[in-house]
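Below is one structure; the comments refer to it alone.
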Amino acid sequence: ALTVLLADSACTQEDVARLRARMEEELLLLPYDAFATGAGRDDRGQYMAVVLVHSSEGAAEENVELLRRRIEEAQSLWIGRPWSDFIEEMDIRSDGVVLLGKLWGERTVNLWLQFIFNRDPLLLHE
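3 is the number of the first residue of the sequence shown in the numbering used here; add one for each residue after it.
What follows is the structure, encoded as structure tokens:
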């Protein structure tokens, strides 16, 4: 997965090795079958929406806490800053096999674009 992530970048072999080592230490989500993301604005401000579809309700429930922890503990791969620097408030819950997340922050639209176009792995999983 890391090779695909870095395929379009100008990373050296040393960069790839460093990133691989860093990613091996990251807190990972449990596997999910499909995901969708989007960006929007409501009365609380800009947000990024995340939807993860799992094979079981238990995995969806566990990933609620794991995603919260990734936001609090992990960093953006490309910017090198904690995800929590960008996400000021979150509503993450599960409904059956689906995880629903709404992540608010002043720069979440830019964060969403980075997530999509730079393949920044907020949703990194096992």
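Virtual Cβ for every residue (Gly too), placed ideally from N, Cα, C.
May I ask which residues mark the beginning and end of the beta strand (DSSP E) holding residue i?
| i | result |
| --- | --- |
| residue 95 | 91-97 |
| residue 54 | 47-55 |
Give the secondary structure of residue i by DSSP, where H, G and I count as helix, E and B as strand, and everything else as coil.
| i | result |
| --- | --- |
| residue 7 | Residue placement at residue 7 is poorly supported in this model, since its pLDDT is 49, which falls under 50; the coordinates are not used for a value here. |
| residue 32 | coil |
| residue 39 | strand |
| residue 106 | strand |
| residue 122 | coil |
| residue 115 | helix |
Mark residue i as exposed unless 16 or more other C-beta atoms lie within 10 angstroms of its C-beta, in which case mark it buried.
| i | result |
| --- | --- |
| residue 72 | buried |
| residue 40 | exposed |
| residue 123 | buried |
| residue 36 | exposed |
| residue 31 | buried |
| residue 61 | buried |
| residue 101 | buried |
| residue 69 | buried |
Measuring straight from C-alpha to C-alpha, what distance separates residue i and residue j?
| i | j | result |
| --- | --- | --- |
| residue 95 | residue 15 | 39 Å |
| residue 59 | residue 88 | 29 Å |
| residue 92 | residue 20 | 30 Å |
| residue 4 | residue 126 | Residue placement at residue 4 is poorly supported in this model, since its pLDDT is 48, which falls under 50; the coordinates are not used for a value here. |
| residue 77 | residue 86 | 8 Å |
| residue 27 | residue 79 | 13 Å |
| residue 50 | residue 114 | 6 Å |
Terminal residues of the continuous alpha helix (DSSP H) containing residue i?
| i | result |
| --- | --- |
| residue 68 | 59-75 |
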